[in-house]
Structure formats: C-alpha cells, structure tokens
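Asks: In my numbering, the protein residues as written are 2 to 282. Glycine included, each C-beta is placed from N, C-alpha and C at the ideal position. Just so we're clear, the structure is a prediction, and the values are computed from it rather than from any experiment.
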DNA sequence: GTGTCATGCGTAT
DNA sequence: TACGCCTGACACG
C-alpha cells in the first residue's frame, strides 16, 4: 500500500457549478461506494453527525445541480452544498493532516476525502432529500427524458431577464455565474432579453448548449467553452488558461469572434458579461 | 496586516 | 435590497 510520495495528489476541485458536483460524485463514488467509512469532523462542527455515520457503509453518492448526496446503509443521507468556498480534496496514503477547518473527513484504508468550507453539510432523511430534489429544476448533466421540454416550459413562463433566469436553480439546476455568461454568448442571446420573449427554438438551443458544456466540464474538471479555432488552436487541450472562456471576466477585452469589447453589468448582485455585437439586445 | 472580492444561497426587512 | 454564512487569493500600503 506504500505510495510514492508524489502520487499523493491532492485533487482540489474548484469552480462549484454543477459540473463540479457531478464529477465529485463520480470520482468519489469509485473510491467510497460499498465501503464502511471512518467519518470524523476535525473542525468539530459536524461531530455529532459524523458519529452517527462513522462505521456505516456508504451505498451511493449522487448529485443534482450544485447539491451532492451521500446515502449510507441506514438511509441517513449526508447533504452537501459547497456554496462559494467549499472545497474537496481526495487523498491517497500517506494521508496528510486535515486542515483545522476540515468539516468532514471520510476514510477507508485506501482513500481519504477532505471537505472544508461547505455552505451546507447536514444529515437528511429520505423525505428531506426528496424536498431538496423537488426544489431543483432539470439538470442538463442528468438530461433525463422530458427535461428539455420541461426547461423550455419553465423558462417560457418567466418575465425576467434570461441572465437572471439562468441562475434560478428551480428553472435549471447546475448553471452558475461562469456558465451563465458563456452559454448566452454561445447562443448569441443578450442577458437582458426576457426569458418569456425567447422563442422555443432558442430556449431549446440554450438547453442543448447547457447539456454539451456542463457535460464537457464534468469530464475535464474545468470550464472550457472556447472553440479552439476561435483562438487559432487545433484542440481544446491546447488552450491556455486565459483562452478558455468567451465572456466571463473579460470586460474591456476584445470578443474572440468579432473584436468588439466585452461588456459587463450587475444582475441581481452578480456580474454578467456579454459581447454587444454577438449578443444583440 | 488589512481590505476586497469571489464560480452561492437562504433569510430578514 | 441587505445581510449573513462559509474561506482563500490577491492587491495594496
């Protein structure tokens, strides 16, 4: 079981939009599903709950939107929402010391999961899990049968800017501030266009683009929306860090397609970015 | 060292 | 609309 020192990679997962949680569920599930876990809370804020879970077998990990659920053999389910700051680390032996703010530490002999800074971390029963899931709109990474139509239907009733609607987790679960700007750029829609004034084809295109981009983000572990040809590259893997996005945080920089300067403005307290030429009002 | 900002969201006013 | 909550990176003096 001895591992070379440099293989103890601390896989930090950032950017807590939906793709991060689905990726976390997949990667963590491979390591922990079906195992009896040692569970503790070095920080102390989850101590009672950790005792309740300690020694139980984890049955499954699943995600919807930005929420992730760990169902144990007792049917107790740990529910985590990372918020802005929450971070996971997956460690291999020899395990590092947990940081003082480590809310939850889950271990087998082979793997350690370190969770710090979550917005929410609590144990739910089956009914409470259903309540959380029911609050969430269709998730493009799950993309279940009928979700596309459901999304179009929900959006079509909203007389609010589409830039606001996209952040409403009840309309579509998993999109955050980065994907909001990127998806609207990709389909050429200005963030202030009213959701209910977009035609069904455009809303369908928005759903399809969300499916494609969030699934790609889940696979790669980061948000990369730029088509390589728009920056003179051959494939996405050749893009540098600063080349990966079209609009997000690029105000004052030229659009990658038309060179118009990217603009930004506050929508409900969060910045949104767009190209005034590619996304006409 | 201090202040600010951030890829989120719930509650109070 | 404001605030509180969770934390870390960065700019600034």
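Using the three-state DSSP reduction, which class does residue 89 fall into: helix, strand or coil?
Replies: Here residue 89 refers to the residue found at position 88 of the first chain. It is a strand residue.
Asks: For residue 185 versus residue 164, is the C-beta spacing smaller than 8 Å?
Replies: Taking the first residue of the first chain as 1, we reach residue 185 at position 184. Taking the first residue of the first chain as 1, we reach residue 164 at position 163. Going by C-beta atoms, residue 185 is nearer than 8 Å to residue 164.
Asks: Among the candidates 57, 48, 44, 52, whose CA atom is the shortest distance from the CA of residue 37?
Replies: Taking the first chain and counting its residues from 1, one reaches residue 37 at position 36. Residue 57 is the option with its Cα nearest to residue 37.
Asks: Can you look up residue 273 in the DSSP assignment and give me helix, strand or coil?
Replies: Here residue 273 refers to the residue found at position 272 when the first chain is read from its first residue. The answer is strand: DSSP assigns residue 273 an E or B state.
Asks: Cβ of residue 279 within 8 Å of Cβ of residue 251?
Replies: As a first step, residue 279 must be located in the first chain, where it is residue number 278. As a first step, residue 251 must be located in the first chain, where it is residue number 250. No, they are not a contact pair.
Asks: Using only CA atoms, which one of 123, 248, 47, 253 lies nearest to residue 68?
Replies: Taking the first residue of the first chain as 1, we reach residue 68 at position 67. Nearest of 123, 248, 47, 253 to residue 68, Cα basis: 123.
Asks: What's the gap between the Cα of residue 13 and the Cα of residue 89?
Replies: Taking the first chain and counting its residues from 1, one reaches residue 13 at position 12. Taking the first chain and counting its residues from 1, one reaches residue 89 at position 88. Note that residue 13 scores a pLDDT of 37, beneath 50, so its modelled location is shaky; the value from the coordinates is reported in the next line. For residue 13 and residue 89, the distance between alpha carbons rounds to 6 Å.
Asks: Check the DSSP bridge columns for residue 262 and list the partner residues they point to.
Replies: As a working note, residue 262 is residue 261 in the first chain. Partner(s): 255.
Asks: Using the rule of at least 16 other Cβ atoms within 10 Å of the residue's Cβ for burial, across every protein chain shown, is residue 199 buried or exposed?
Replies: For the purposes of this step, residue 199 is taken as residue 198 along the first chain, with counting starting at 1. Buried: at least 16 other Cβ atoms inside 10 Å.
Asks: How many angstroms separate the CA atom of residue 115 from the CA atom of residue 51?
Replies: As a first step, residue 115 is located in the first chain; it is residue number 114 there, counting from the start. As a first step, residue 51 is located in the first chain; it is residue number 50 there, counting from the start. Rounded to whole angstroms, residue 115 to residue 51 spans 13 Å at the Cα level.
Asks: In three-state terms, what does DSSP make of residue 70?
Replies: As a working note, residue 70 is residue 69 in the first chain. Strand.
Asks: Would you identify the three-state DSSP class for residue 146, choosing helix, strand or coil?
Replies: For the purposes of this step, residue 146 is taken as the residue at position 145 of the first chain. Coil.
Asks: Given a threshold of 16 other Cβ atoms within 10 Å of its Cβ, counted over all protein chains shown, does residue 10 qualify as buried or as exposed?
Replies: In the first chain, residue 10 corresponds to position 9, counting from 1. Residue placement at residue 10 is poorly supported in this model, since its pLDDT is 32, which falls under 50; the coordinates still yield a value, given next. Residue 10 comes out exposed.
Asks: Who does residue 283 pair with in a DSSP beta bridge?
Replies: With the chain represented from 2 up to 282, any question about residue 283 goes unanswered, as that position is not in the structure.
Asks: Return the chain-ordered list of same chain residues with a C-beta closer than 8 Å to the C-beta of residue 101, the five sequence neighbours on each side being excluded.
Replies: The residue given as residue 101 occupies position 100 in the first chain. Cβ within range, chain order: 43, 44.
Asks: Answer with buried or exposed for residue 282, where buried requires no fewer than 16 other C-beta atoms within 10 angstroms of its C-beta.
Replies: Position 281 of the first chain holds residue 282. Answer is exposed; the Cβ neighbour count stays below 16.
Asks: Would you identify the three-state DSSP class for residue 278, choosing helix, strand or coil?
Replies: Numbered from its first residue, the first chain carries residue 278 at position 277. Here residue 278 sits in coil by DSSP.
Asks: Quick check on the DSSP output: the beta strand (DSSP E) that includes residue 117 runs from which residue to which?
Replies: Here residue 117 refers to the residue found at position 116 when the first chain is read from its first residue. Run containing residue 117: 113-117, per the beta strand (DSSP E) assignment.
Asks: Check whether the stretch 190-197 touches the stretch 211-231, taking contact to mean three or more Cβ pairs, one atom from each stretch, closer than 8 Å.
Replies: These segments do not touch.
Asks: Within a Cβ cutoff of 6 Å, which residues of the same chain sit near residue 80, ignoring the five residues on either side of it in sequence?
Replies: Position 79 of the first chain, counting from 1, holds the residue named residue 80. Excluding residues within five positions, the ones whose Cβ falls inside 6 Å are 70, 123, 125.
Asks: Beta carbon of residue 192, beta carbon of residue 273: below 8 Å?
Replies: Residue numbering aside, residue 192 sits at position 191 when the first chain is read from its first letter. Residue numbering aside, residue 273 sits at position 272 when the first chain is read from its first letter. In this structure, residue 273 lies closer than 8 Å to residue 192 by Cβ.
Asks: Per DSSP, which residues does residue 125 bridge with? Please list them.
Replies: By one-based count along the first chain, residue 125 stands at place 124. Paired residue(s): 78.
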